[in-house]
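The next block holds one structure in the form of structure tokens; read it before the comments.
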Amino acid sequence: MTTKSTSSVLVGKACSSPLLSSPPQQRLVTKDGHCALSSPRCPSGSWCRLSGTAWLLALQDLWGLLVGLRWRWVLLAFCTSFLTHWLLFACLWYLLAHLNGDLAVKDHDAPPQGHVVCVKHITSFTAAFSFSLETQLTIGYGTMFPSGDCPSAIALLAVQMLLGLMLEAFITV
Numbered sequence: 431m432t433t434k435s436t437s438s439v440l441v442g443k444a445c446s447s448p449l450l451s452s453p454p455q456q457r458l459v460t461k462d463g464h465c466a467l468s469s470p471r472c473p474s475g476s477w478c479r480l481s482g483t484a485w486l487l488a489l490q491d492l493w494g495l496l497v498g499l500r501w502r503w504v505l506l507a508f509c510t511s512f513l514t515h516w517l518l519f520a521c522l523w524y525l526l527a528h529l530n531g532d533l534a535v536k537d538h539d540a541p542p543q544g545h546v547v548c549v550k551h552i553t554s555f556t557a558a559f560s561f562s563l564e565t566q567l568t569i570g571y572g573t574m575f576p577s578g579d580c581p582s583a584i585a586l587l588a589v590q591m592l593l594g595l596m597l598e599a600f601i602t603v
């Protein structure tokens, strides 16, 4: 009798002990890898095939959409976003070198009199992509580095770093 009354007291009140706490909550991802989330539009726990304006409604809950996606699509979105960012800024660095006349300079260590090279040793698109990658990942500059005498290079560098930090914060949350 005392055991029964003691257990009813324990069940009726909240316990601070983790062993005697409430029953476990439902898992976000099941043990076999399926998403346990459900949406009002898709009660089955997986995202339905959306068409038309339904995609606009699904994008309102972007985080829920990303959590509900399969891993291959999340990894594809992750890789594509960074690669697109690097390629976009590689194009901008190459355009800056072209507009400044740096591509026509033979020796970037000894440029012609009166010419300021914005980024040393950007001579091709591959070099511009490498510079964009080095800038975004903060690997460190070797022979390619922006000149302090070129305000447009400093401005582009600041824009790339700010947008890159925002991208990393958004993607890696």
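The opening position of the sequence shown corresponds to residue 431 in this note's numbering, with each subsequent residue numbered one higher.
Cβ atoms here follow ideal geometry from the backbone N, Cα and C, with glycine treated the same way.
Assign LYS550 to one of two classes, buried (16 or more other C-beta atoms within 10 Å of its C-beta) or exposed (fewer than that).
buried
Identify every residue that forms a DSSP beta bridge with PRO581.
None; PRO581 has no bridge partner.
Taking only three categories from DSSP, how would you classify VAL549?
strand
Let me check understanding here. Comparing Cα to Cα, which of ALA588, ALA557, HIS538 and ALA534 lies closest to ALA520?
The option with the nearest alpha carbon to ALA520 is ALA557.
Can you tell me whether ILE569 is buried or exposed, with buried defined as 16 or more other CB within 10 angstroms of its CB?
The C-beta of ILE569 has fewer than 16 other C-beta atoms within 10 Å across all chains shown, which makes the residue exposed.
Please go through the same chain and pick out, in chain order, the residues whose beta-carbon is closer than 8 angstroms to the beta-carbon of MET574, but skip the five residues on each side of it.
VAL549, LYS550, HIS551, ILE552, ALA557, SER560, PHE561 and GLU564
Using CA atoms only, rank isn't needed, just tell me which of GLN566, LEU567 and TYR524 is closest to VAL547.
TYR524
Can you grab the Cα-Cα spacing for the pair GLY498 / ALA507, in whole Å?
Near 13 angstroms, if we compare the C-alpha coordinates of ALA507 and GLY498.
Compute the Euclidean distance between the alpha carbons of ASP532 and HIS545, then round it to the nearest angstrom.
9 angstroms
Distance check for ALA534 and PHE600, CA to CA, integer angstroms please.
Using only the alpha carbons, I get a separation of about 39 angstroms.
Out of curiosity, what's the CA-to-CA distance linking VAL603 and ARG502?
17 angstroms
Name the DSSP beta bridge partners of PRO576, please?
VAL549
Close Cβ partners of LEU522 (< 7 angstroms) along its chain, the five nearest in sequence each way excluded:
Around LEU522: LEU586.
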